[in-house]
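Those letters in the sequence shown? Residues 1 to 285, by full-length UniProt numbering.
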Amino acid sequence: MYLDELQEKMLTQRGVDVSIATLLRTLRRLHFSRKCVSPRALQRNDTLRSAYWIRIADLVPDPNMLMFIDEAAKNDHTTTRQKGWSLMGMRCIQRRAFVRGKRFSILSVLTLDGIIAHDVIEGSVNTQRFIGFLEEHVQRGNHGSDDDEDPELYDANGLSDLERELVQFRGKLEKRYQNDHNAGYTYIDPKTGNSYPLTPQMMKEWCRAMYNGEATLNEAPNFITNFDPANRQVALHPTRIAAGANRPAGVGPPQGLSDIGHLATILMAVMGHGGQSGVANVVAS
1 MYLDELQEKM LTQRGVDVSI ATLLRTLRRL HFSRKCVSPR ALQRNDTLRS AYWIRIADLV
61 PDPNMLMFID EAAKNDHTTT RQKGWSLMGM RCIQRRAFVR GKRFSILSVL TLDGIIAHDV
121 IEGSVNTQRF IGFLEEHVQR GNHGSDDDED PELYDANGLS DLERELVQFR GKLEKRYQND
181 HNAGYTYIDP KTGNSYPLTP QMMKEWCRAM YNGEATLNEA PNFITNFDPA NRQVALHPTR
241 IAAGANRPAG VGPPQGLSDI GHLATILMAV MGHGGQSGVA NVVAS
């Protein structure tokens, strides 16, 4: 909704005639800000989406196992800029090539340790080149065979009875513990008041605990409330672990604890104080 549209609705529905400048100042006092819209697909299937998160959390218990592959491209227009600085009254001129020139495509594999493999190809990437990149740079694993699975145990969406139960539990957990503006999920212990950000792995284990009768929607499993991020021994890079071990006394985090653990401790302390709830509306000027 644009400001002039909001101004018109204020006049037609409330009988209040205000200027756009007044509307803008009022929105700022109400802590509204103009930002990019975060689109969500209208055709998104929430059931399949929850089932996907459960499968990922089951197949990938360690985030270091994840690899992301994407394509980027470059030509003579890639480095051009649309805006620049110049003296008032003078044009900002940039000499550039008007033809796109040769196109180079870049395929890369990104993990928590950074880019572990890449390939530069002249031209565009087609299916054959992409599969060749996977075969050459990505190690393939044997995940077993699905020949023994009975197709009659799955519904039209390809979900088993267990997966359907877990999806229903996850949907209830998402609705119950979703943060403002769809920014993740947080469980607040009613006994201690401590906040626990819920990762996909935690959500999956909670769903399984509910399925086994070991937890409820309002009562989290013990592994969530007993989680203390200050005691985590996880670091993203082996070099970070070595650097922490060789760090002089009194500089940075104590030895034996990772930077990730200390960052989690700070976030948990901040989140424990709560926050103001916002309104997820979009106002454009």
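Cβ coordinates follow ideal geometry from the N, Cα and C atoms, glycine included. The model shown is predicted, which means the values in this text are computed figures rather than measured ones.
- Per DSSP, the unbroken alpha helix (DSSP H) holding K9 starts and ends at L3 to R14.
- Put simply, the region 86-93 does not touch the region 47-54. Fewer than three CB pairs are less than 8 Å apart.
- Here L66 carries a coil assignment [DSSP, helix/strand/coil].
- Burial check for W85: the Cβ neighbour count within 10 Å stays below 16, so the residue is exposed.
- Non-local C-beta neighbours of I188 in its own chain, meaning closer than 8 Å and more than five positions away in sequence, comprise N194, S195 and Y196, ordered along the chain.
- I106 is a Cβ neighbour of E71, given a cutoff of 8 Å.
- In the DSSP assignment, Q178 forms a beta bridge with Y185.
- Within the region 31-80, the runs of alpha helix (DSSP H) at least 4 residues long that lie entirely inside it are, in chain order, 46-59.
- Counting the other Cβ atoms within 10 Å of the Cβ of V167 gives 16 or more, which makes it buried.
- One Cα belongs to F169, the other to H31, and the distance between them is close to 35 Å.
- When the alpha-carbon of A21 is set against those of C36, G15, D4 and K35, the nearest one is in D4.
- Looking at the DSSP output, A117 sits in a beta bridge with V109.
- For E174, the closest of P200, T192, R100 and Q128 by C-alpha to C-alpha distance is P200.
- For I69 and M202, the gap between their C-alpha atoms comes out near 26 Å.
- Bounds of the beta strand (DSSP E) holding P197 are S195 to P197.
- The C-alpha of R14 lies about 57 Å from the C-alpha of T127.
- Distance between Q7 and L24, taken at the CA atoms: about 10 Å.
- By the neighbour-count criterion, in which a residue is buried when 16 or more other Cβ atoms sit within 10 angstroms of its Cβ, L198 is buried.
- Rounded to whole angstroms, the gap between the alpha carbons of E135 and R100 is 31 Å.
- Counting only residues of its own chain and dropping the five nearest sequence neighbours on each side, S33 has no CB closer than 7 Å to any other CB.
- Taking every protein chain shown into account, the CB of F133 has 16 or more other CB atoms within 10 angstroms, so this residue is buried.
- With respect to the C-alpha of M1, the residue from K172, H118, V37 and T80 having the closest C-alpha is V37.
- For K204, the enclosing alpha helix (DSSP H) begins and ends at P200 to Y211.
- Here F104 is bridged, per DSSP, to K74 and E122.
- When secondary structure is reduced to three states using DSSP, R91 falls in the coil class, being assigned neither helix nor strand.
- N179 and R96 have their C-alpha atoms spaced approximately 47 Å apart.
- Distance between D119 and S108, taken at the CA atoms: about 6 Å.
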